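Below is one structure, written out as structure tokens, with a few remarks after it.
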Amino acid sequence: MIRNLFVVFVMAWAGFSCRESVDLSQLEDYNGPMRITTDMEVFRSDSAVVRIKLNAGKQLVFNDQDMEFPDGIQIHFFDKEGKLTSTIRADKAYYDNKTKLYRGVGDVRVHNIEKGEKLNTEELFWNERKETIFTEKFFTIEKADGTLLKGTGLESDQSFSKYTFYSVKDTRLPLQGEEN
14 MIRNLFVVFV
24 MAWAGFSCRE
34 SVDLSQLEDY
44 NGPMRITTDM
54 EVFRSDSAVV
64 RIKLNAGKQL
74 VFNDQDMEFP
84 DGIQIHFFDK
94 EGKLTSTIRA
104 DKAYYDNKTK
114 LYRGVGDVRV
124 HNIEKGEKLN
134 TEELFWNERK
144 ETIFTEKFFT
154 IEKADGTLLK
164 GTGLESDQSF
174 SKYTFYSVKD
184 TRLPLQGEEN
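Reminder that position 59 of the sequence shown reads as 72 in the numbering used here, one-by-one numbering, no gaps.
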């Protein structure tokens, strides 16, 4: 029995003595994604009715819960009856967990399906809590009647129904008899 105990002690001592000590201060922190999701589709509902549908080809989630959508993002908004009211799409998008804002960049398009109005810009923020979208960048709005509005900076509800301009630079009204 004592001999077996001695053998176990020697083996344990040999196992611990063979380890090399590691200086943890020289290890680099990992800043890459903690989770990667492909072909993502997320639904948000209220009273069993889908209100938001979010699609992305790829989602990267980081340690601080910030997100990146390197292959673009599409967001569909629905009214209380479940009818599609508007969409947002962007070439690339980010989510900042601290500010709770989504930021679409590249070719960003918003389409109000009910009014037939379209917004194009290079950067757009979506505040999910306030249900608003805004940009400080140049934008173009095409209305259903062919009117074009160009400016810098706007704020709107997320359905793109009611909006406020910061600066309108150019407006083009369709001429009578002109096709859209």
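Idealized CB from N, CA, C, for every residue including glycine.
Quick caveat, the model's predicted, so the values are computed rather than measured.
Item                                                                                                                                                                         : Value
Taking the alpha-carbon of leucine 114 as reference, which of Glu136, Thr98 and Asp120 has the nearest alpha-carbon?                                                         : Glu136
Any chance you could list the beta strand (DSSP E) runs of at least 3 consecutive residues sitting entirely within the stretch 110–167, in chain order?                      : 114–125, 130–140 and 145–155
Cα separation between aspartate 77 and threonine 184?                                                                                                                        : 43 angstroms
Determine the burial state of leucine 40: buried for a count of at least 16 other Cβ atoms within 10 Å of its Cβ, exposed for fewer.                                         : exposed
Between the stretch 147–163 and the stretch 91–109, can you find at least three pairs of beta-carbon atoms closer than 8 angstroms?                                          : no
With a CB to CB cut of under 7 angstroms and the five nearest residues on each side skipped, what residues in its chain are close to leucine 167?                            : Phe147, Thr148, Phe152, Tyr176, Thr177, Phe178 and Tyr179
Going by DSSP in three states, leucine 73 sits in which element: helix, strand or coil?                                                                                      : strand
Is the separation between the beta-carbon of leucine 67 and that of isoleucine 49 shorter than 8 angstroms?                                                                  : no
Which residues bound the beta strand (DSSP E) around phenylalanine 173?                                                                                                      : Note, phenylalanine 173: premise wrong, no beta strand (DSSP E); not H, not E.
Evaluate serine 169 with the Cβ neighbour count: other Cβ atoms within 10 Å of its Cβ, from every protein chain shown; 16 or more gives buried, anything less gives exposed. : buried
State the Cα-Cα distance for the pair glutamate 130 and glutamate 155, rounded to the nearest angstrom.                                                                      : 6 angstroms
Kindly indicate which residue of Val62, Thr112 and Pro46 has the alpha-carbon position closest to the one of arginine 142.                                                   : Thr112
Give a yes or no on whether the C-beta atoms belonging to phenylalanine 75 and methionine 47 are separated by under 8 angstroms.                                             : yes
Check whether the Cβ atoms of methionine 80 and tyrosine 108 lie closer than 8 angstroms to each other.                                                                      : yes
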